[in-house]
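>
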Amino acid sequence: MKIKADSLLIADTTISPTYSEIFRINLSFNGAGNYALAENNVTYKYIAGMDSPYFPYQLDSTYSNTFKITDYDVNAGIIVGTFDLRLLKNPANSDVRYPAIINFSSASFRLYLSK
């Protein structure tokens, strides 16, 4: 996770023989508080196995997607918060190995800023 100028980027990449995924949340950062999530703020891509391209998911605009930073300690370089979001499989992806909906429900994070 990084804060650069006024942007907060939280990213995770998992790569394994079974599945791989990319998950990013990118926001215009202004400290603790609630943040609105839009399609361009969230990236999620998933792949079953390691031999296919990643398949993208999109933010479900009919769901009440939330992201909240509850604590931001500048001196310790720590950000704490919660999020709740729903992602929908791209309609072009008809592969049944991929779930139609992915939920991150009542998720929490405590992250250290990279320098």
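For the sequence shown, the working numbering begins at 452 and goes up steadily by one.
For each residue, glycine too, the CB sits at the ideal point set by N, CA and C.
With DSSP run on the structure shown, which of helix, strand or coil describes ASP546?
Three-state DSSP puts ASP546 in coil, outside helix and strand.
> What's the C-alpha gap between ARG548 and ASP463?
ARG548 and ASP463: Cα-Cα distance of roughly 21 angstroms.
> Short of 8 angstroms in beta carbon distance, which residues of its chain neighbour PHE506, apart from the five on each side in sequence? Order them along the chain.
Cβ neighbours of PHE506 beyond the five flanking positions: LYS496, TYR497, ILE498, LYS540, ASN541, ASN544, ASP546, TYR549.
> Does the distance from the CB of ARG561 to the CB of ILE529 come in under 8 angstroms?
Their beta carbons are under 8 angstroms apart, which means ARG561 touches ILE529 by this criterion.
> Assuming contact is defined by CB atoms lying nearer than 8 angstroms, are LEU459 and LEU478 in contact in what I supplied?
Yes.
> Hey, out of SER515, PRO504, TYR523, SER556, whose CA is closest to TYR470's CA?
It is PRO504.
> Find out if the Cβ-Cβ distance for the pair THR533, SER559 is shorter than 8 angstroms.
Yes. Within cutoff.
> Please check the pair ASP524 and SER557, which I expect to be a contact at CB under 8 angstroms, by giving their CB distance rounded to whole angstroms.
Not confirmed; about 23 angstroms, so no contact.
> Less than 8 angstroms separating the beta-carbons of TYR514 and ILE553?
Their beta carbons are not under 8 angstroms apart, which means TYR514 does not touch ILE553 by this criterion.
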